[in-house]
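In my numbering, the protein residues as written are 967 to 2048.
Backbone N, C-alpha and C define an ideal beta-carbon position, used for all residues, glycine too.
What you are looking at is a predicted structure, and each value in this text was computed from that prediction instead of being measured.
A short worksheet on the structure shown next.
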């Protein structure tokens, strides 16, 4: 259909219907027709479409904002289909659209406008300017249009600053760029038009830049899209305003003299405020006054004085926006990098001293994580070169000034703890050191002041946080297993006081890597840090970390041998004994007299005088004063001292492990000196030290290319044995050797045991001595490790025997062999007939001797019938250990009781096949075990019941009578009392009482079945457990109670059934009772 016919048959009727009856339906029909209309004949129908719509828009005059928005949308559609070729049409359309949102000459927009009307008005303004050809824009961007453009810009700035509708703000930013002719479709090579646009609207720059800065630095709730659009608009607006492409002088680039001039002048700038008299929107003044100021400013134009004054005002903008280089969003960083690079490329001379601020951001973002940003900034730096390595000369000339400026404010930035500020400064320092020439870098740090300031800044950056977790210790026996490298590499002890993100930590590490890869500089850094370490500087922890990062820097430039030399220096220092034997627990014993006899708990009420005397003698004690006087304050280990020592020990192990990984297979030269020290720390009861030692041990294993830690230990068993014997001979009262042996037993296989037999016997003998009371815990840990080792060995041996198929001899083959033997005897009998007499005499003698020997053997068997068979060697050792451990169950210290019980729990199952050895031990164990049940210490009771369950499993009815009399009543009472607590109190943590409940419910069924409890006692136990079927109990206890009744069904089903039936009708118990019944029926 031709355009004329389509207009007459569709567009014109739809337009007439809407003009006669304006409604949303008619307006939608008109919009659809306009979208499908071919505008090739638009010149003919222009007035017949736009003019009626404009008149109708004036007629509505705010009466119906929805219809007004729809009419403006139709106008936008019409404009999007054509190019405006008359400047008067452009100006008329802009005035009409602007009138809908703003009164002529008003300072603010109309009140109570809908967001849809604002949005479509902004889109119409942008579309009108976008669809105007360059000739129209050249005529439009003159001084006569300044007031109209000012009104438009004022409306857009207001929308950007105050509106919450995201789409409207984005549309306003796009329209703002269109007004400045810097939108995506603009012809950036049209130098004349860009120059004319800048000369026309440069007077509105202050308010626009202020609002765009505010939007760019707004809260993260604003979103990356809006922030990146604001940065994009800010960069393009500044670029077109400060671009003077028609000036031939701009075509040259900066040389060394220019940089020196900038450096000399930069000290004069103090970061003045952005507000000035040039901000024509800052004050609400009359229309005549505004027009007068506009004419005065337009007459002067963008002179050198204006560029200089404006650059001074804009310094605050560039200083505040440099934080954007640390933004998380790649889109935001990309727009900021493009802004800096574009301004440097196009506006360098007009930026004055702000050029250095932009250059700093470009230098910093050459180290950005995104490769596109990295390449963009690197390309800009390369373009600053004149020839050859001139870029190095430019940086060298102002390196010290730039370094001093940033290194002076870096401590303040770090101490503030703001992540984006820290990242912005650290990434600049990294980019600065990377782009600086090696020679200049070496000269820079030959100055002692610069070296000291840099090292102190890096030490402040990695300042470690000492937390309460550093003193967390395992009060029982820790199960030492081969640690996973990934789990160990989490390095939980590295917690920084000021650095709050991993990216900032990585930047500090990268900076140390750059310094470590710089020949000569790394030596200066190492010498300075080693001197601080020798002086026992308070930052010893941080010094170790920096030494590690500088020494193990990745060999980017191939300086492998140099790196090895630094690592060797660090390893030699770490292996010094002074770093390995620090006190890891606070010493507060000098303040408390635990064993002092007291009369406070005597069951009597003394008189007034007696009470006063008693209190007096208890409060003041000469022993306390003497102890305080005897202990030197400098020798006391406070909590802070212990935390510091733990952290330092962890970092020593951390550094050694990383050095081993970096050194590789050649680290075996240090194994003899370090392996026993690392194993000693693995045995530590401090959780952090144990984790750090595990990481170090696994790192050594990986470095030496062993498949498992056990292979590493078995290969170096001779080293370990040597050091163990040396320690025992030198300091027999020390527990170090025992701790090392404990770890070796748990981490090695049975092949390592013969090498350690003599050492273990020595430890067993030392344990029996009375002067070894202080090392009882270490001995008990060694005993437990040996028992665990024997258990693992026995289990593996049983598995090996089971895996070997039995060799069965066929009966037929065996019979054939016997038949052949008899045939051979019969054939050979002929040779004896010839000497028959002799043979008969000989046979008689033989029979006589055989009879005598047989009678002697019978006598020997009768005599040895009462002698016990000899026990296997490992069973005899287990028996001796258990007998020796038994006495520690009655000791006062909880730790010794727990360790002794753990040894009994682990060792008794090894005697299950030796009843003559097991039952006497059970008899000896029973009295102290019952005593522990009566004391009621829940921590100890967990192990006591576990031991009780083992006794029941292997001793069975041997302990039935005494169990019913001594232990079972207590356990029943505990279940009843604790059921009330767990039902009424919400459990937020795994208390010791809760753990004991779990153990009892899990193992009581096995105890009942093992010792065959029946009758009244069984009924009471079953009733006690039924309390845990209530739905108010914790979920885990309910599940264990259900499991108890399922296990009891096979032992005494009728009793279990009757007990549950009594509670089946109670609502709180019904669900769990039904669950038990369903499981029984399966």
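Checklist entry - Tell me, which residues are paired with residue 1050 by DSSP? => result 1098
Next on the checklist: Quick check: the Cα distance between residue 1167 and residue 1421, rounded to an integer number of angstroms?
Outcome noted: 50 Å
Next on the checklist: Would the stretch 1527–1542 count as touching the stretch 1461–1469 if we require 3 or more Cβ pairs under 8 Å?
Outcome noted: no
Item to check | Buried versus exposed call for residue 1651 [16 or more other C-beta atoms within 10 Å across all chains shown] | outcome: buried
Item to check | DSSP-derived helix/strand/coil call for residue 1462 | outcome: strand
Checklist entry - Taking the Cβ atom as the reference point for each residue, do residue 1326 and residue 1277 lie within a distance shorter than 7 Å? => result No; because the gap between Cβ atoms is not below 7 Å, this pair is not in contact.
Item to check | Uninterrupted alpha helix (DSSP H) stretches inside the stretch 1154–1216 (no shorter than 4 residues) | outcome: 1157–1167, 1171–1182 and 1190–1208
Next on the checklist: For a test of the three-state rule: what should DSSP assign to residue 2045, helix, strand or coil?
Outcome noted: helix
Item to check | Same chain only: Cβ atoms within 6 Å of residue 1665, ignoring 5 sequence neighbours per side | outcome: Counting only Cβ-Cβ distances below 6 Å, and skipping sequence neighbours, we find 1623, 1626 and 1627.
Checklist entry - So what does DSSP say about residue 1796, is it helix, strand or coil? => result Residue placement at residue 1796 is poorly supported in this model, since its pLDDT is 46, which falls under 50; the coordinates still yield a value, given next. In this structure, residue 1796 counts as helix in the three-state DSSP scheme.
Item to check | Assigned exposure category for residue 1316 - 16 Cβ within 10 Å defines buried | outcome: buried
Checklist entry - Helix or strand or just coil, what does DSSP make of residue 1432? => result Residue 1432 falls in the coil class under three-state DSSP.
Item to check | Cβ distance (whole Å) where residue 1876 is taken to contact residue 1760 below 8 Å | outcome: 7 Å
Checklist entry - What residue does the alpha helix (DSSP H) around residue 1397 start on, and which one ends it? => result 1385–1401
Item to check | Cβ-based burial, residue 1390 [other Cβ within 10 Å; buried from 16] | outcome: buried
Next on the checklist: Let me confirm a value: residue 1181 is counted as buried when at least 16 other C-beta atoms fall within 10 Å, else exposed. Which label applies?
Outcome noted: buried
Next on the checklist: What residue range does the alpha helix (DSSP H) around residue 1894 cover?
Outcome noted: 1881–1901
Item to check | Assigned secondary structure, residue 1078 (DSSP; H/G/I helix, E/B strand, else coil) | outcome: coil
Item to check | Cβ pair count under 8 Å reaching 3, the stretch 2004–2017 against the stretch 2034–2046 | outcome: yes
Item to check | Span of the alpha helix (DSSP H), counted from its first residue to its last, around residue 1992 | outcome: Its alpha helix (DSSP H) spans residues 1982–1992.
Checklist entry - According to DSSP, is residue 1030 helix, strand or coil? => result coil
Checklist entry - Taking contact to mean at least 3 C-beta pairs separated by less than 8 Å, is the stretch 1338–1351 in contact with the stretch 1378–1395? => result Flag = no, the stretch 1338–1351 and the stretch 1378–1395 do not touch.
Checklist entry - Given that a residue counts as buried once 16 or more other Cβ atoms are within 10 Å of its Cβ, and exposed if not, what is residue 1144? => result The residue is buried, with at least 16 neighbouring Cβ atoms inside 10 Å.
Item to check | Anticipated Cβ contact below 8 Å, residue 1048 with residue 997, distance rounded | outcome: About 17 Å separates the two Cβ atoms, so there is no contact after all.
Checklist entry - Between residue 2029 and the rest of its own chain, which residues show a CB-CB distance below 7 Å, the 5 nearest in sequence each way excluded? => result 1992, 1995, 2035 and 2039
Checklist entry - Can you tell me the Cα-Cα spacing of residue 1077 and residue 980, whole angstroms? => result 32 Å
Checklist entry - alpha helix (DSSP H) containing residue 1410: first to last residue? => result 1404–1412
Checklist entry - Taking residue 1972 as the reference, which of 1460, 1470, 1284 and 1915 has the closest Cα? => result 1915
Item to check | For residue 1505, the nearest candidate out of 1484, 1611 and 1480 (CA to CA) | outcome: 1611
Next on the checklist: Let me confirm a value: residue 1609 is counted as buried when at least 16 other C-beta atoms fall within 10 Å, else exposed. Which label applies?
Outcome noted: buried
Next on the checklist: Under DSSP, the alpha helix (DSSP H) around residue 1271 begins and ends at which residues?
Outcome noted: 1270–1287
Next on the checklist: Using a Cβ-Cβ cutoff of less than 7 Å, which residues in the same chain neighbour residue 1963 once the five nearest sequence positions on both sides are dropped?
Outcome noted: 1944, 1948 and 2003
Next on the checklist: Quick check: residue 1535 and residue 1477, are their CB atoms within less than 7 Å of each other?
Outcome noted: no
Checklist entry - According to DSSP, is residue 1596 helix, strand or coil? => result Note that residue 1596 has pLDDT 49, beneath the 50 cutoff, so the model's placement of it is unreliable and the number below is only indicative. Note: residue 1596 maps to helix in three-state DSSP.
Checklist entry - At what residues does the alpha helix (DSSP H) containing residue 1127 begin and finish? => result 1112–1128
Next on the checklist: Any contact between the stretch 1118–1129 and the stretch 1081–1091? By contact I mean 3 or more CB pairs, one from each, below 8 Å.
Outcome noted: Remark: three or more beta-carbon pairs, one from each stretch, lie closer than 8 Å, so the stretch 1118–1129 and the stretch 1081–1091 are flagged as touching.
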